[in-house]
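Down below is the structure, laid out as structure tokens.
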Amino acid sequence: MSGVAIEVRGLRKTFVLHHQGGTELPVLGNVDLDVAPGECVVLDGPSGSGKSTLLKCVYATYRASAGSILMRGEGWSIDMTRASAQSVLALRRDTVAYVSQFLRVIPRVPALDLVAEPLTESLGDDEIALREAHVEAQHLLTRLRIPRRLWEIPPATFSGAEQQRINIARSMIKPRPILLLDEPTASLDALNRDTVVCMMKFALSRLSLRVATYS
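Using my numbering, read the sequence shown as starting at 2 and increasing by one per residue.
This is how it looks when you write it as structure tokens:
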């Protein structure tokens with residue numbers, strides 16, 4: 002695929018603080034950004050400069066106040082600022098992966114099932130495929146040094162660094178053309194940080210592009 006895969010034009014995001022009399026807090030103002038297939042882009046800047054907000058607008062977690070965010074693939078183009086909820090969910094399932102700074106999960110789902118879910122959610126009763134998905138999840142958990150004794154435990158009880166590794170494994174288990182990473186190594190020690198960086202480089206060899214933020 003040639004051309005631009007993500008095209009951001011005139012993006013603005015303002016938060017309205019309703020509990021403070023409707024005070025407006027401008028975070029992004031007229032942001033333009035092009036990301037090409039196969040390109041790795043790093044958003045660098047101090048805490049509070051709007052890096053995470055930009056990624057959340059691209060992922061459509063936040064609704065942009067103004068501007069456009071075009072995502073393009075072979076024969077299709079979608080403006081994330083105007084896309085329907087169904088289109089956004091379809092993109093997240095097959096095209097865009099997102100590693101946030103925080104893990105939000107259903108409380109009683111074991112870590113192994115949570116990591117495998119992006120692969121298993123469309124498999125139905127195919128026992129062989131389900132087993133293969135869990136084997137892949139086990140491989141990622143092992144590589145990220147999550148002890149086997151924790152695999153059947155809901156990750157809500159894990160440490161922050163363990164939760165972040167679960168988040169990374171879950172996002173990387175299914176190759177998708179666009180991978181958005183919001184400070185993916187911020188809470189990790191040096192050894193696990195090096196492992197995640199290696200995984201990111203391997204993912205880049207399979208994915209079209211990545212956008213990452215660092216503080």
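Using N, Cα and C, we set each Cβ at its ideal position, and we do this for glycine too.
- Sixteen is the threshold: since fewer than 16 other Cβ atoms of the shown chains lie within 10 Å of the Cβ of Lys202, the residue is exposed.
- In chain order, Asp183 place their CB closer than 6 Å to the CB of Ser101, counting only its own chain and leaving out the 5 sequence neighbours on each side.
- A residue is called buried when at least 16 other Cβ atoms come within 10 angstroms of its Cβ; Cys199 does not meet this threshold and is exposed.
- With fewer than 16 other Cβ atoms inside 10 Å of its own Cβ, Trp77 counts as exposed.
- Counting along the chain, the unbroken beta strand (DSSP E) around Asp45 starts and ends at Cys41 to Asp45.
- Segment contact: the segment 118-133 against the segment 53-68, fewer than three CB-CB distances shorter than 8 Å; contact not assigned.
- Close CB contacts of Val110 within its chain, under the 7 Å cut and outside five residues either way in sequence, are with Pro155 (chain order).
- Runs of the alpha helix (DSSP H) lying entirely within the segment 85-115, each at least 4 residues long, are 86-95 in chain order.
- Of the residues assessed, Gly161 falls on the exposed side of the cut-off, its CB having fewer than 16 other CB atoms within 10 angstroms.
- With 16 or more other CB atoms across the displayed protein chains lying within 10 angstroms of its CB, Leu145 is buried.
- Counting only runs that start and end inside the segment 50-80, the alpha helix (DSSP H) elements of at least 4 residues fall at 52-59.
- Taking each of Pro47, Arg13, Gly22 and Arg93 in turn and checking the Cα distance to Pro176, the smallest one comes out for Arg93.
- Assigned with DSSP and collapsed to three states, Leu181 falls in strand.
- Under DSSP, Thr158 takes part in no beta bridge, so it has no partner.
- The segment 157-174 and the segment 37-50 do not touch, with fewer than three beta-carbon pairs separated by less than 8 Å.
- For Arg10, the uninterrupted beta strand (DSSP E) run begins and ends at Ile7 to Leu18, by DSSP.
- For Glu25, the secondary structure class from DSSP, reduced to helix, strand or coil, is strand.
- Comparing C-alpha distances from Val116 to each of Ile167, Pro108 and Arg150 shows the shortest one belongs to Ile167.
- Sorting Leu113, Leu189 and Phe103 by C-alpha distance to the C-alpha of Ser53 places Phe103 at the top.
- By the beta-carbon neighbour count (other beta carbons within 10 angstroms, threshold 16), Ala86 is exposed.
- Annotation: Thr186 is outside any alpha helix (DSSP H) and is labelled neither H nor E by DSSP.
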